[in-house]
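Worksheet: the structure to be examined is printed underneath.
There are 2 protein chains.
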Amino acid sequence: MTDSTSVVTAAILVIGDEILSGRTKDKNIGYIAEYLTGLGIELREVRVVPDDEDEIVAAIDALRAKVTYLFTTGGIGPTHDDITADCVAKAVGVGISHDERAVAMLRERFPNPDDLNEARLRMARIPHGADLIDNPISRAPGFMVANVIVMAGVPSIMQAMLDAVAPRLKTGRKMQSVSIDTDGLPEGAYATPLGAVQKAHPDVMIGSYPNFDGQRFRNQIVLRAREAELLEPARAAVEAMLASLRS
Amino acid sequence: MTDSTSVVTAAILVIGDEILSGRTKDKNIGYIAEYLTGLGIELREVRVVPDDEDEIVAAIDALRAKVTYLFTTGGIGPTHDDITADCVAKAVGVGISHDERAVAMLRERFPNPDDLNEARLRMARIPHGADLIDNPISRAPGFMVANVIVMAGVPSIMQAMLDAVAPRLKTGRKMQSVSIDTDGLPEGAYATPLGAVQKAHPDVMIGSYPNFDGQRFRNQIVLRAREAELLEPARAAVEAMLASLRS
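Protein chains in written order, with the numbering used here: chain V, 9 to 255; chain H, 9 to 255.
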């Protein structure tokens with residue numbers, strides 16, 4: 009469902025003490041950010057919070073009110089510190105219980121009834137009214153309820169869930185962008201004229217991104233706009249400005 | 009300054025459209041998280057927001073009220089999209105102007121007055137009352153004002169600034185932790201007894217972290233406590249529980 013006029017927005021909520029302690033390095037934020045940009049969904053904010061019910065519910069409340077879709081990662085396993093599904097049900101204001109569709113998925117993975125113990129069945133606790141999101145790797149599903157999309161924290165599973173849910177999402181007009189290498193010119197040399205180009209092209213977002221390779225800076229000027237035709241005159245203005253500084 | 013009784017907390021605010029678009033992958037959150045844990049400072053929350061004054065000021069207000077220290081990264085360069093210093097001054101409620109100490113640092117890098125243009129001098133705009141944080145790489149300093157620590161977004165510069173500011177920070181008692189490899193035992197097999205161990209050791213934080221290598225899960229159970237003597241009995245209980253499952 010692509011709507012070429014509206015802006016579709018998103019936020020990410022990463023749930024997990026292990027990210028905040030630095031023990032686990034998050035690999036999901038950058039992946040989801042790039043994926044959503046490719047879909048034409050604008051990521052507006054990211055938060056990382058601990059495995060604490062009050063913190064999680066408060067963050068869900070704040071973020072889902074601001075955006076079209078809130079994506080969460082982490083906290084949907086079978087152990088006592090996995091409390092995401094309950095927090096989402098509470099924040100969205102629906103009940104939660106074992107979902108027959110989710111139980112059936114777990115039965116495929118654990119055909120022996122002894123293996124499908126109480127802890128594993130916790131992974132089939134799904135907020136009422138949710139749509140399930142397939143997990144081809146370890147079966148325990150993610151889900152989407154209201155505008156909240158709940159995914160695993162393990163990157164390979166999260167990525168598979170994102171592929172599974174993407175076709176169901178509303179998407180907006182894709183942001184068009186062009187990147188210009190300043191070819192060694194430092195930010196301080198072009199900052200003032202670049203600010204003037206930005207003023208003259210208010211519908212194009214112009215950013216300057218320094219990169220230090222340990223020896224010297226290599227900067228990129230990135231121009232973004234929802235209409236490709238806005239981009240070209242701004243790009244020409246930046247190129248002309250850089251050329252005049254080099255001459 | 010180590011205070012062995014108090015808990016010192018922190019939050020991180022990452023500022024930058026380029027992180028939200030996925031164009032740049034953040035490398036600072038995980039680094040700072042691990043660094044703070046090593047210092048005995050507990051990271052409580054992370055947010056990523058766009059280069060937008062209202063969003064930045066609101067996030068500074070919310071986060072700095074919750075924690076001992078708020079660390080920001082990004083948005084302190086010379087271009088028009090670098091607005092962090094002004095936002096911090098506004099949030100903290102102090103004025104901002106060119107700081108003579110910061111101007112002197114920039115003069116060392118740009119001895120020719122023609123090179124120290126208006127845009128580069130923007131990097132010497134510092135909120136009133138701030139302490140500067142040295143930048144050995146490109147000289148433009150970070151700063152600390154009230155409980156907000158403002159650092160560059162370029163990872164190598166941010167890391168140098170963190171080293172520079174760390175000795176000035178209050179630190180708490182270091183979190184002690186121990187990690188137990190479950191040696192192939194899946195989460196679903198130990199989730200219920202692990203929950204019982206957590207109940208019996210409420211002062212120890214017990215987490216279970218699945219890791220999927222593309223073939224199978226390798227899980228770690230991590231126990232954390234501020235008192236090493238609390239950790240040992242909980243560790244023994246987890247080991248005994250895992251041994252009983254394997255037998």
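A virtual CB, placed ideally from N, CA and C, is assigned to each residue, including glycine. Source: prediction; values computed, not measured.
Can you tell me which residues form a DSSP beta bridge with Thr-17/V? Mapped onto the first sequence, residue 17/V falls at position 9. DSSP output for Thr-17/V lists Glu-50/V as bridge partner(s).
According to DSSP, what are the bridge partners of Asp-233/V? Against the first sequence, residue 233/V aligns to sequence position 225. Note on identity: in this sequence residue 233/V is Ala, with Asp being the wrong assignment. Per DSSP, Gln-184/V.
Within 8 Å of any Cβ in chain V, is that where the Cβ of Met-166/H sits? One-based indexing of the second sequence puts residue 166/H at position 158. No, because no Cβ of chain V sits closer than 8 Å to the Cβ of Met-166/H.
So, at 6 Å on beta carbons, what are the nonlocal neighbours of Arg-226/V in its own chain, with the 5 sequence-adjacent residues on each side left out? The residue you call residue 226/V lines up with position 218 of the first sequence. Counting only Cβ-Cβ distances below 6 Å, and skipping sequence neighbours, we find Asn-219.
Using the beta-carbon count (16 or more within 10 Å), is Pro-135/H buried or exposed? As a working mapping, residue 135/H is identified with position 127 in the second sequence. With 16 or more other Cβ atoms within 10 Å, it is buried.
Asp-189/H - partner residues in DSSP beta bridges: On the second sequence, position 181 is the one that residue 189/H refers to. Partner(s): Gln-228/H.
Val-75/H, DSSP secondary structure in three states: Position 67 of the second sequence, counted from the first residue, corresponds to residue 75/H. DSSP places Val-75/H in coil when its eight states are reduced to three.
Check the C-beta distance from Pro-58/V over to Arg-52/H and give it rounded, since I have them as a contact under 8 Å. Mapped onto the first sequence, residue 58/V falls at position 50. Mapped onto the second sequence, residue 52/H falls at position 44. The pair is a contact, with the Cβ atoms about 7 Å apart (cut-off 8 Å).
So, does the CB of Asp-246/H fall closer than 8 Å to a CB anywhere in chain V? To locate residue 246/H, count along the second sequence from 1; it is residue 238. For the sequence presented, residue 246/H should be read as Val rather than Asp. False, the Cβ-Cβ gap to chain V never drops below 8 Å.
Just curious, the alpha helix (DSSP H) that Ser-164/V is in, first and last residue? Numbered from its first residue, the first sequence carries residue 164/V at position 156. 163-173 is the extent of the alpha helix (DSSP H) around Ser-164/V.
Using DSSP with H/G/I as helix, E/B as strand and the rest coil, what is Arg-55/V? Translated into positions along the first sequence, residue 55/V becomes position 47. Here Arg-55/V sits in strand by DSSP.
Could you give the C-beta distance for Ser-29/H and Thr-45/V, rounded to a whole number, given that I count them as a contact under 8 Å? As a position in the second sequence, residue 29/H is number 21, starting the count at 1. As a position in the first sequence, residue 45/V is number 37, starting the count at 1. Correct: roughly 5 Å between the Cβ atoms.
Residues of its chain near Ala-197/H, where Cβ-Cβ distance is below 7 Å and the 5 sequence neighbours each way are ignored: Locating residue 197/H in the second sequence gives position 189, where the first residue counts as 1. The answer, listed in chain order, is Leu-253.
Tell me the rounded alpha-carbon separation between Pro-175/H and Ala-93/H. Walking along the second sequence from the start, residue 175/H turns up at place 167. Walking along the second sequence from the start, residue 93/H turns up at place 85. So the alpha carbons of these two residues sit roughly 22 Å apart.
Just to check my reading of the structure: Asn-21/H and Leu-78/H have Cβ atoms closer than 8 Å, yes? What is that Cβ distance to the nearest angstrom? Position 13 of the second sequence, counting from 1, holds the residue named residue 21/H. Position 70 of the second sequence, counting from 1, holds the residue named residue 78/H. Strictly speaking, residue 21/H in this sequence is Leu, with Asn absent from that position. Right, the Cβ-Cβ distance comes to about 6 Å (below 8 Å), so this counts as a contact.
Ser-216/V by DSSP, collapsed to three states: which one? Position 208 of the first sequence, counting from 1, holds the residue named residue 216/V. In this structure, Ser-216/V counts as strand in the three-state DSSP scheme.
If we ignore side chains and look at the alpha-carbon of each, how far apart do Arg-55/V and Ile-27/V end up? On the first sequence, residue 55/V is found 47 positions in, with the first residue counted as 1. On the first sequence, residue 27/V is found 19 positions in, with the first residue counted as 1. Their Cα atoms are separated by approximately 11 Å.
Using a Cβ cut-off of 8 Å, pull out every chain H residue sitting near Tyr-217/V, in sequence order please. On the first sequence, position 209 is the one that residue 217/V refers to. Simply Glu-26, Arg-31 and Thr-32.
Could one say the Cβ of Phe-151/V lies closer than 8 Å to chain H's Cβ atoms, at least one of them? Here residue 151/V refers to the residue found at position 143 when the first sequence is read from its first residue. Closer than 8 Å: no.
Let me check understanding here. Comparing Cα to Cα, which of Ile-188/H, Ala-18/H and Lys-178/H lies closest to Ala-70/H? On the second sequence, residue 70/H is found 62 positions in, with the first residue counted as 1. It is Ala-18/H whose Cα lies nearest to the Cα of Ala-70/H.
Considering just the uninterrupted stretch of the alpha helix (DSSP H) at Met-113/V, what are its terminal residues? Numbered from its first residue, the first sequence carries residue 113/V at position 105. Element bounds for Met-113/V: 108-117.
Nonlocal neighbours in the same chain, by C-beta distance under 8 Å from Gln-184/V, ignoring five residues either side: Against the first sequence, residue 184/V aligns to sequence position 176. Same-chain partners within the cutoff: Arg-232, Ala-233, Arg-234, Glu-235, Ala-236 and Leu-239.
For His-209/H, decide whether its Cβ has a neighbour in chain V, counting only Cβ atoms nearer than 8 Å. The sequence position of residue 209/H within the second sequence is 201, counting from 1. Output row for His-209/H: interface = no.
Short of 8 Å in beta carbon distance, which residues of its chain neighbour Arg-147/V, apart from the five on each side in sequence? Order them along the chain. Counting from one through the first sequence, the residue named residue 147/V turns up at place 139. The residues are Met-113, Leu-114, Glu-116 and Arg-117.
Closer than 6 Å by C-beta to Ala-97/V: which residues in its own chain qualify, once you throw out the five before and the five after it? Chain order, please. Position 89 of the first sequence, counted from the start, is the residue given in the question as residue 97/V. The answer, listed in chain order, is Ile-104 and Pro-135.
Please confirm if Gln-206/H has its CB atom under 8 Å from at least one CB of chain V. Along the second sequence, one-based indexing puts residue 206/H at 198. Judged by the 8 Å Cβ criterion, Gln-206/H is in contact with chain V.
I'd like the list of long-range same chain contacts for Ala-172/V, defined as Cβ closer than 7 Å, with 5 residues on each side in sequence excluded. Translated into the one-based positions of the first sequence, residue 172/V becomes position 164. The residues are Ile-141 and Asp-142.
Indicate whether at least one CB of chain V lies closer than 8 Å to the CB of Gly-83/H. Start at 1 with the first residue of the second sequence, and residue 83/H comes out as number 75. Not closer than 8 Å to any Cβ of chain V, the Cβ of Gly-83/H fails to qualify, so no.
Going by C-alpha to C-alpha distance, which of Lys-207/H, Arg-128/H, Thr-32/H and Pro-149/H sits closest to Leu-170/H? Counted from its first residue, the second sequence places residue 170/H at position 162. Answer by Cα proximity: Pro-149/H.
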